[in-house]
Amino acid sequence: MEGKSLGFCLDCKVAPATQTVRKRNLCQQCFFLFIGSKVVKRMEKYRPRNAEKNYQKKFLLPLSYGVSSSTLLHILNLQLERQISSGLSHRTYDIHVLNVGICGQLDNHRLDLFREAYPLHTYAQVPLHSIFKYDTAIKDVISEYGGPEFRDDQSKTDQERLDHFRLSLSTAAARTDIDGILLTRLVVAIAKEQDCDAILWGDSDTRLASKALSNVAKGRGFSAPWDVCDGMTPWGIQFNFPLRDVFKFELSTYASLALPKSLNVVDSERPSVDNLSSKSLSIEDLLAHYVETQGQKYPGIMANIVRTIDKLQAPPPDTGDKCVLCGMPVDKSGEDPSALGGSGGSQYVLEDRRERHMTGTLCYGCARTRLDLVPPESASA
19 MEGKSLGFCL DCKVAPATQT VRKRNLCQQC FFLFIGSKVV KRMEKYRPRN AEKNYQKKFL
79 LPLSYGVSSS TLLHILNLQL ERQISSGLSH RTYDIHVLNV GICGQLDNHR LDLFREAYPL
139 HTYAQVPLHS IFKYDTAIKD VISEYGGPEF RDDQSKTDQE RLDHFRLSLS TAAARTDIDG
199 ILLTRLVVAI AKEQDCDAIL WGDSDTRLAS KALSNVAKGR GFSAPWDVCD GMTPWGIQFN
259 FPLRDVFKFE LSTYASLALP KSLNVVDSER PSVDNLSSKS LSIEDLLAHY VETQGQKYPG
319 IMANIVRTID KLQAPPPDTG DKCVLCGMPV DKSGEDPSAL GGSGGSQYVL EDRRERHMTG
379 TLCYGCARTR LDLVPPESAS A
């Protein structure tokens with residue numbers, strides 16, 4: 019995006035251009051305004067109407083310390099600071115920032131840096147295994163999902179219980195898939211506990227495109243409208259993606275120029291797929307690598323993926339059976355995928371010779387991932 023001798027900025031026509039953004043040469047300040055306006059426009063839907071002026075909305079923002087979620091927090095913080103400086107009696111909304119420690123280790127120092135940089139908001143940090151505390155139904159779901167080979171020993175710590183379950187998943191693709199489901203369930207549970215009106219995910223257009231493709235590849239295409247589009251979800255809370263009109267490489271440039279250096283926000287690249295064995299490679303890793311490398315060359319094509327998903331007519335999120343694990347409605351266009359090994363000849367039928375009855379219904383994606391479950395002893399052998 020950076021170039022030399024770009025002339026004057028095409029927007030302000032005063033300052034020298036420093037960035038080429040979507041074939042337009044912009045100065046640094048106009049580049050900041052361009053990225054910020056994309057987010058602010060997406061947040062306009064939450065501007066209070068006359069009847070709501072005394073009601074202040076509350077949003078949960080999951081923070082991974084990566085470029086996208088950090089930039090989203092920075093831009094929303096700027097918007098709220100402008101509202102305060104303009105003399106508004108109250109802010110349009112409050113933000114509760116949540117960091118989930120995926121690997122169990124919490125980085126308290128790093129969260130303190132964000133708290134110091136953006137003091138207008140409330141902050142919390144929890145490990146992924148705290149899902150047993152916030153989502154009490156998950157222990158029964160995991161026990162059934164794991165089948166008779168898996169035993170959830172409640173005398174162990176929550177960290178040990180989660181590690182034991184993850185060890186039962188024999189492939190990197192299955193572990194990444196289940197980790198994503200557990201993360202979503204945990205974030206939703208905490209958002210509801212905090213009485214939040216919506217969850218603001220820091221997914222760029224690039225990330226949404228790779229997520230849509232990986233959902234289809236994993237047999238979760240039916241849930242793509244709720245995973246990629248703004249609106250009410252089957253979880254009973256709204257998901258919104260304010261960065262959906264911004265590409266990842268644009269966010270990386272913005273973060274390197276605009277975010278406080280003390281936050282040490284770097285573009286955490288995924289491991290190169292060339293350096294990973296097939297056993298270590300998940301579908302998400304493969305498609306994220308493809309979209310990020312090709313998306314910068316052909317951003318319009320990647321943007322069309324997200325726009326296409328936006329056009330899909332999703333059924334109402336509160337109708338029909340829902341998957342007991344991922345919470346998404348079950349596609350009834352073929353056989354019930356939870357009835358593994360059925361005889362209807364449908365594309366949804368999966369072969370599983372093990373007796374692993376489920377009380378609830380599984381979607382095709384969760385039923386397919388279940389095939390990768392093995393006894394923990396076998397997985398560690």
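Convert by adding 18 to the 1-based position in the sequence shown; the result is the number in our numbering.
For each residue, glycine too, the CB sits at the ideal point set by N, CA and C.
Note that the structure is a prediction, hence the values are computed from the model and not measured.
Of the listed residues V206, H307 and I255, nearest to L117 (C-alpha basis): Stepping through the sequence shown from its first residue, residue 117 is reached at position 99. It should be noted that the sequence gives Asn, not Leu, for residue 117. Of the candidates V206, H307 and I255, the one whose C-alpha sits nearest the C-alpha of N117 is V206.
Sheet register partners of F77 (DSSP bridge): Taking the sequence shown and counting its residues from 1, the one referred to as residue 77 is at position 59. Answer is I113 and A216.
L277 and V283 closer than 8 Å at C-beta: In the sequence shown, counting from the first residue as 1, residue 277 sits at position 259. In the sequence shown, counting from the first residue as 1, residue 283 sits at position 265. In contact: L277 and V283 (Cβ atoms closer than 8 Å).
Nearest-angstrom Cβ-Cβ length linking M346 and W244, presumed shorter than 8 Å: As a working note, residue 346 is residue 328 in the sequence shown. As a working note, residue 244 is residue 226 in the sequence shown. Correct: roughly 7 Å between the Cβ atoms.
CB-CB length for S270 against V144, believed under 8 Å: If you number the sequence shown from 1, residue 270 lands on position 252. If you number the sequence shown from 1, residue 144 lands on position 126. 27 Å between Cβ atoms; not a contact.
Spatial neighbours of N126 in its chain, beta-carbon cut-off 8 Å, leaving aside the 5 residues before and after: Taking the sequence shown and counting its residues from 1, the one referred to as residue 126 is at position 108. Q143, listed in sequence order.
Contact check, Q400 vs H108, beta carbons under 8 Å: Here the chain covers residues 19 to 399 and nothing more, so residue 400 does not appear.
Beta-ladder partner(s) of A142, from DSSP: For the purposes of this step, residue 142 is identified with residue 124 of the sequence shown, where counting begins at 1. Its beta-bridge partners are L116.
Every unbroken beta strand (DSSP E) within the segment 221-289, with a cutoff of 3 residues, ordered by chain: 256-258
Rounded straight-line distance, which links the Cα of L24 to that of P333: Within the sequence shown, numbered from 1, the residue matching residue 333 stands at position 315. Within the sequence shown, numbered from 1, the residue matching residue 24 stands at position 6. When rounded, the distance between both Cα atoms is 49 Å.
Neighbour-count burial assignment, K279, 16 or more Cβ in a 10 Å radius: Position 261 of the sequence shown, counted from the start, is the residue given in the question as residue 279. Its Cβ having fewer than 16 others within 10 Å, K279 is exposed.
Coarse secondary structure for F26, derived from DSSP in three states: By one-based count along the sequence shown, residue 26 stands at place 8. It is a strand residue.
Alpha-carbon to alpha-carbon, A385 and M376: What you label residue 376 is simply residue 358 of the sequence shown in a count that begins at 1. What you label residue 385 is simply residue 367 of the sequence shown in a count that begins at 1. Cα to Cα, the separation comes out at about 10 Å.
Beta-carbon separation (whole angstroms), Y111 vs F132, contact threshold 8 Å: Indexing the sequence shown from 1 puts residue 111 at position 93. Indexing the sequence shown from 1 puts residue 132 at position 114. The pair is not a contact, with the Cβ atoms about 18 Å apart (cut-off 8 Å).
Where V39 sits in the DSSP three-state scheme: Translated into positions along the sequence shown, residue 39 becomes position 21. V39 falls in the strand class under three-state DSSP.
Pairwise C-alpha distance: F240 and C265: Numbered from its first residue, the sequence shown carries residue 265 at position 247. Numbered from its first residue, the sequence shown carries residue 240 at position 222. It should be pointed out that residue 265 corresponds to Phe in this sequence rather than to Cys. Near 25 Å, if we compare the C-alpha coordinates of F240 and F265.
Assumed close pair C344, I199 - CB separation to whole angstroms, cut-off 8 Å: To locate residue 344, count along the sequence shown from 1; it is residue 326. To locate residue 199, count along the sequence shown from 1; it is residue 181. With a Cβ gap of about 5 Å, C344 and I199 count as contacting.
Delimiting residues of the alpha helix (DSSP H) encompassing F49: Locating residue 49 in the sequence shown gives position 31, counting from the first residue. For F49, the enclosing alpha helix (DSSP H) stretches over residues Q46 to M61.
Rounded straight-line distance, which links the Cα of K229 to that of S356: In the sequence shown, residue 356 corresponds to position 338, counting from 1. In the sequence shown, residue 229 corresponds to position 211, counting from 1. Residue placement at S356 is flagged as unreliable, the pLDDT there being 46, under the threshold of 50; a coordinate-derived value is accordingly withheld.
Short Cβ contact (8 Å threshold) for P252 with K340: For the purposes of this step, residue 252 is taken as residue 234 along the sequence shown, with counting starting at 1. For the purposes of this step, residue 340 is taken as residue 322 along the sequence shown, with counting starting at 1. With contacts defined as CB atoms closer than 8 Å, P252 and K340 qualify as a contacting pair.
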